[in-house]
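Trainee: Chains as they are written, first to last, in the numbering used here: chain A, 1 to 327; chain B, 328 to 654; chain C, 655 to 984; chain D, 985 to 1314.
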Ligand SMILES: Cc1ncc(C[n+]2csc(CCOP(=O)(O)OP(=O)(O)O)c2C)c(N)n1
Ligand SMILES: Cc1ncc(C[n+]2csc(CCOP(=O)(O)OP(=O)(O)O)c2C)c(N)n1
Ligand SMILES: [Mg+2]
Ligand SMILES: [Mg+2]
């Protein structure tokens, strides 16, 4: 189960990019340069890197609200531009959704990014349609949806898992269990704090893994994607992880819990430990960190330098084929 | 586990009443005397009688679309009038909902009947509110919803079971698995043909029983209601049964299946066998059948003789406290 | 209309069935899904025979999962399919409102044109058969304030066929309302594949004195009312909207500017629905031409009761249209 | 208003919080439920402090189960409770549309008055803060064609308090729309418990030349526009609907009959929503009094884009109201 050192280095780089992206973004948000609301994925980098590693450009993923990093990785890996994810968050014309979507609606089908839906969990049923189309056409692709633990409260969870099973659809459910929905602990929201317990009744493979151990997460996604691509139907993965962002600004979780996740179980620290055990020096890793940070800073600058969308865009694309009158 | 003979006789009588009610109703429907649509509960009498036996007037049940019989039994047992259930189906002023509800919205809170909702399964979340109110007020009542196997497809199934568990609500889920949703077999609709398999993940007691064996069904409801009333939270019961009504008119199910359920496993026949094994004569049972049939015929006559609702009712009760203008 | 051929008499149900059959034959990306639409052919028989012809892959029975049914349409449409869903009764659209309004209708816009949602959600709307409060509603008003959605509502068998074909071809999400009171209605239906353009009203009867704007089942009541009025010397122009959102304001406005009088007839409750939109636009655009206020003839502002005489009281019909016209003529 | 006392300056959020606090204090059947309304005090702080005061039983955090949240309200209301739910953003009402429209709104009618559904669903509506297509919508249009439902929409802190208290007291299901752009707005708020009557509009400014009918955030834009107009010698009457369904047609009609000109201003898209209903009714009822067509000043018929300059283009404001008034004055 040991991963090639090159692969692990790339995964580290990806995780570092996600973190740099999120921290840079958060800084700009606090400065008022990024409008709207923001959900930050710091702490969940391993899950995102693991998914990015195995999803192909012709697969589809529906990212959740903390997946800016995954979105950027998909751009970088599949011939897109990570900076266009950043520009979307700034509402610029150069953003992947032309600035019309923002954090919660950044999409680029060319790299497999089918966009978030800010009605949390609604895409749990949308993903079925993508998967069904592929299955009907005999295309061995994977349709993935990334959902938080809180999102599992939605009724669509049931409709989706049930239909994925009866039609044996190629769906990967990637459930990011970070312990909370905004302020509400998972145990207060769900019959089981382990989401897999609720998924198992649907009779397809379900697995809970440490979402902060990149080697574990990588292997789990690899296995799940192989299972799905081979035509064996859906797969449910629960990643146990934790988000550094509290309730928007404030921290509300027990100090010991915060310490554990930030100090002892930070996915980047864990990966660094694994890599140094295999001979990579701290300096090498620092260089990676510096490189991706520089990339992200250039993306931020690109975003700031980009124009706002043209006025005509306000009324464009309401309907295909019919115009809507401007004011 | 053997039931008192008096109780078993009463249960037989109740089942016989349900069957007479449904057959009389179907006859009138075919004659055109009953408007709208009709779902007939013949074949499922044991489930309905078992529920009626244990639910009290100050409990609440949400009946499904085949529960005219349960509704009538609740009337008869708790000081109401079974004939007002019949009159409702005829759309008469004397009906329990004044003729405004019909088959799918017959309610009478005085006997615990909280009414059906023709959006199948929507009351799976409504029942939570009733149960929560009682729990908050410390009233040891039971809130029951009767759902078909097909209705389990609705996302509300998940939201309901999950919340019933986390708040330990006094809800009895009575799932009537008759093998089909209109024409669609349960195995084509659900990850498992055994609905309990999908309910178990929520971590509260779930039990599948033979819904056509009145002794078994009675005992199962008794146990579930005791559990709930003692403050132990929700309970899920799946009754395996079969409906005689095909798709509206036509029969579409395999001949062997039809024969098994109508001949070998008819709840009334089974009950007669159990009773004759305990010394009750066929003539005694025939007398019961004749009595309830006469009752039902008088209810039909009552319905036909009843006036239609007054015109003013068309605009009454849209709002509490405000009038809506008639034409 | 395109490539029409021989004309035969068919019911509205048969016409819809033909449209599905022909659309599936010519375009492999079209498939159907819904509850009991397979072997059983749907609750009203619209998909009858299609399961045998096209198989279980393209005529899919689903669980009672309305949100998923529409969600699947959206997802499949995102990757180039043309799904056609059946939601058994329009009243059940509350269960998939989010998918229609927040997902399908906004998909093309919010992702900057990168995705389209060419799906059709067919459903049985309307009352008049003792269906009660949850099987009888006219729901177009629920969707009138939703940009991005198309709402189509045929009144005749020929339009049922042509508009359904056009809806399937169209690249926007279409909510396709079939009135239950029309399913058994017969009319001339051209053979072969054709489309009837969306967003274009039909003038069903010309007249100089008053314009009756309506849709679906009430088109027939309006035409019957117009016959009565003609005997009194009042010539009513009857316009069938056919698409109710976005609707053909041009045709309506031109007619009302001509006649100077307008009656808007809808089965849904008066307040806040299609009738309000039509009355507003006609009042605004025909100001100065109108000889009398626009009259809305609509369902009463109530849920729909089960009991047949009560339902009759709350739903509008020919007599109400007559009364409405007479009111504008005073 | 009943039993008003000393008046202080409070924000809209504080005013709402006071109403909940006082209602819960006087009536043990009132309880709150919603996502993160407990310790956290709600996404906008409306329930802040109530968890500590009333405990977890009466201030209940829920999972992301919007259908269940409203379903629970309906069920609890059926047995005599007065639940007040918070749906975090109005856009999410698509998830519980069925419960509101088919269950809560029809409950009293379809069971012949045997049940009532005295529940309140509070929610944050409206745009203008870069929230994008799923956090910015004005949703009253989704519910305008739904008999049995009450839709309340306060524009000021004092009304926020009084109308929320009245909504909780009311025996009908109330959808209570709080505009996000108003949460931080301050105003005079009487101390103590009082109710402001539902279904009664408020004339915010008297004027003889033109009537501006509006609600929520646009009330403030309309008042600002009226100031500008006054300098030009145009005296605008500004009416705040406060309840949008059923609304106070009498007050509007009287005003427009007086001024002869009407501008209807709503943030939602123009087609088919509240604006259409108001324009229709005013046109019908004030025919002969109107000197110019009613003008609708509304959001454009589009979803709401994320990018701030685009959002500004599609949402209406003071300048659009000014333009609308000038159009009616020509
Ligand atoms: C249907 C819906 N309900 C509520 C919200 C508001 N909301 C946004 S994120 C969030 C919490 C989601 O929790 P979880 O799925 O665990 O994701 P996390 O933020 O923890 O990553 C909520 C309640 C929403 N966007 N959509
Ligand atoms: C939300 C919803 N979807 C579909 C229907 C139409 N419908 C009525 S009964 C029924 C089948 C229900 O099957 P099941 O729950 O197994 O009950 P059964 O009829 O077998 O007793 C369907 C699909 C409905 N009334 N509501
Ligand atoms: Mg979480
Ligand atoms: Mg069944």
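The C-beta atom is built at its ideal place from N, Cα and C for all residues, glycine as well.
Return the residue from the list B:492, B:429, B:388 that minimises the CA-CA distance to residue 191 of chain A.
Mentor: It is B:492 whose Cα lies nearest to the Cα of residue 191 of chain A.
Trainee: Counting along the chain, where does the beta strand (DSSP E) carrying residue 537 of chain B start and finish?
Mentor: Its beta strand (DSSP E) spans residues 533-537.
Trainee: Go ahead and pull the three-state DSSP assignment for residue 848 of chain C.
Mentor: Residue 848 of chain C falls in the coil class under three-state DSSP.
Trainee: Between residue 543 of chain B and chain D, is any beta-carbon pair separated by less than 8 Å?
Mentor: Cβ-Cβ to chain D under 8 Å: no for residue 543 of chain B.
Trainee: Closer than 9 Å by beta-carbon distance: list the chain D residues that pair up with residue 899 of chain C, in chain order.
Mentor: Residues of chain D passing the Cβ test: 1255, 1256.
Trainee: Does the stretch 731-749 of chain C come close enough to the stretch 1077-1090 of chain D that 3 or more CB-CB pairs lie under 8 Å?
Mentor: At 8 Å Cβ cutoff, the stretches touch.
Trainee: Return the CA-CA distance between residue 184 of chain A and residue 125 of chain A, expressed in angstroms with no decimal places.
Mentor: For residue 184 of chain A and residue 125 of chain A, the distance between alpha carbons rounds to 24 Å.
Trainee: For the stretch 1070-1088 of chain D, which residues have a beta carbon sitting closer than 8 Å to at least one beta carbon of chain B?
Mentor: Per Cβ criterion, the list reads 1082, 1083, 1086, 1087.
Trainee: Got a sec: does ligand 2 put a non-hydrogen atom nearer than 7 Å to the Cβ of residue 505 of chain B?
Mentor: Because some heavy atom of ligand 2 lies under 7 Å away, the Cβ of residue 505 of chain B counts as near it: yes.
Trainee: Could you say which of C:717, C:732, C:697, C:684 lies nearest to residue 709 of chain C if we only look at CA atoms?
Mentor: Comparing Cα-Cα distances from residue 709 of chain C to each of C:717, C:732, C:697, C:684, the minimum goes to C:684.
Trainee: According to DSSP, simplified to helix, strand and coil, what is residue 874 of chain C?
Mentor: In the structure shown, residue 874 of chain C sits in a helix (DSSP, three-state: H, G or I).
Trainee: Classify residue 935 of chain C: buried if its beta carbon has 16 or more other beta carbons within 10 angstroms, exposed otherwise.
Mentor: Answer is buried; the Cβ neighbour count reaches 16.
Trainee: Could you tell me whether the stretch 566-585 of chain B touches the stretch 530-537 of chain B, where touching means 3 or more Cβ pairs closer than 8 Å?
Mentor: With a cut-off of 8 Å, the stretch 530-537 of chain B and the stretch 566-585 of chain B count as touching, because enough Cβ pairs lie within range.
Trainee: Run through DSSP, which three-state label would residue 799 of chain C get?
Mentor: Coil at residue 799 of chain C, not helix or strand.
Trainee: Identify each residue in the stretch 474-496 of chain B for which the Cβ-Cβ distance to at least one residue of chain A is less than 8 Å, and report them in chain order.
Mentor: The residues in question are 480, 481, 482, 483, 484, 485, 486, 488, 489, 492, 493.
Trainee: For the alpha helix (DSSP H) holding residue 54 of chain A, just list the boundary residues, first then last.
Mentor: Here the alpha helix (DSSP H) through residue 54 of chain A covers 45-54.
Trainee: Going by the beta-carbon positions, is the gap between residue 69 of chain A and residue 41 of chain A smaller than 8 Å?
Mentor: A contact, by the Cβ cut-off of 8 Å.
Trainee: Per DSSP, residue 109 of chain A is paired with what?
Mentor: Residue 109 of chain A is not bridged to any residue.
Trainee: Could you name the residues of chain D that residue 871 of chain C contacts, counting a contact when the two beta carbons are closer than 9 Å?
Mentor: Chain D residues near residue 871 of chain C: none, gap ~17 Å exceeds 9 Å.
Trainee: Exposed or buried, residue 276 of chain A, counting other C-beta atoms within 10 Å across all chains shown (16 or more means buried)?
Mentor: So residue 276 of chain A ends up on the exposed side.
Trainee: Spatial neighbours of residue 1258 of chain D within its chain, please: CB distance less than 7 Å, with the 5 preceding and 5 following residues excluded, ordered by chain position.
Mentor: If we look at residue 1258 of chain D and ignore the five residues flanking it on each side, its Cβ neighbours are 1124, 1125, 1128, 1228, 1250, 1252.
Trainee: Cβ-heavy atom distance between residue 393 of chain B and ligand 2 below 7 Å?
Mentor: For ligand 2, at least one heavy atom lies less than 7 Å from the Cβ of residue 393 of chain B.
Trainee: Around the C-beta of residue 5 of chain A, are 16 or more other C-beta atoms found within 10 angstroms, so that it is buried, or is it exposed?
Mentor: Exposed, by the Cβ-count rule.
Trainee: Comparing alpha-carbon positions, which option in D:1019, D:1231, D:1285 lies nearest residue 1107 of chain D?
Mentor: It is D:1019.
Trainee: Rounded to a whole number of angstroms, what is the C-alpha to C-alpha distance between residue 223 of chain A and residue 53 of chain A?
Mentor: Distance between the alpha carbons of residue 223 of chain A and residue 53 of chain A: 12 Å.
Trainee: Give a yes or no on whether 8 Å exceeds the smallest Cβ distance from residue 586 of chain B to chain C.
Mentor: No - not a single Cβ of chain C is within 8 Å of the one on residue 586 of chain B.
Trainee: Taking the straight line between their C-alpha atoms, what separation do you get for residue 655 of chain C and residue 670 of chain C?
Mentor: Residue placement at residue 655 of chain C is flagged as unreliable, the pLDDT there being 49, under the threshold of 50; a coordinate-derived value is accordingly withheld.
Trainee: List the residues of chain D that residue 630 of chain B touches, going by C-beta distances under 8 Å, in chain order.
Mentor: Ordered by position in chain D, no residue passes the 8 Å Cβ test against residue 630 of chain B, which lies about 16 Å from the chain.
Trainee: Which residues does DSSP pair with residue 897 of chain C in a beta bridge?
Mentor: Residue 897 of chain C pairs with C:806.
Trainee: Taking Cβ-Cβ distances shorter than 8 Å, what residues in chain A pair up with residue 705 of chain C?
Mentor: By Cβ distance, chain A contributes nothing, its closest Cβ being about 15 Å from residue 705 of chain C, past 8 Å.
Trainee: Would you please verify whether the beta carbon of residue 1107 of chain D is less than 8 Å from any beta carbon of chain A?
Mentor: By this cut-off, residue 1107 of chain D is not an interface position.
Trainee: At the 8 Å Cβ level, is residue 798 of chain C part of the contact set with chain B, yes or no?
Mentor: Not one chain B Cβ lies under 8 Å of residue 798 of chain C.
Trainee: Does the beta-carbon of residue 226 of chain A have 16 or more other beta-carbons within 10 angstroms, so that it is buried, or is it exposed?
Mentor: Residue 226 of chain A should be labelled exposed.
Trainee: Candidates B:652, B:645, B:649: which alpha carbon is nearest residue 1131 of chain D's?
Mentor: Nearest C-alpha to residue 1131 of chain D: B:645.
Trainee: Run through chain C and tell me which residues come within less than 7 Å of residue 119 of chain A, C-beta to C-beta.
Mentor: Within 7 Å Cβ-Cβ: 752, 756.
Trainee: Among residues of its own chain, excluding the 5 on either side of residue 356 of chain B, which ones have a beta-carbon nearer than 6 Å to its beta-carbon?
Mentor: The answer, listed in chain order, is 365.
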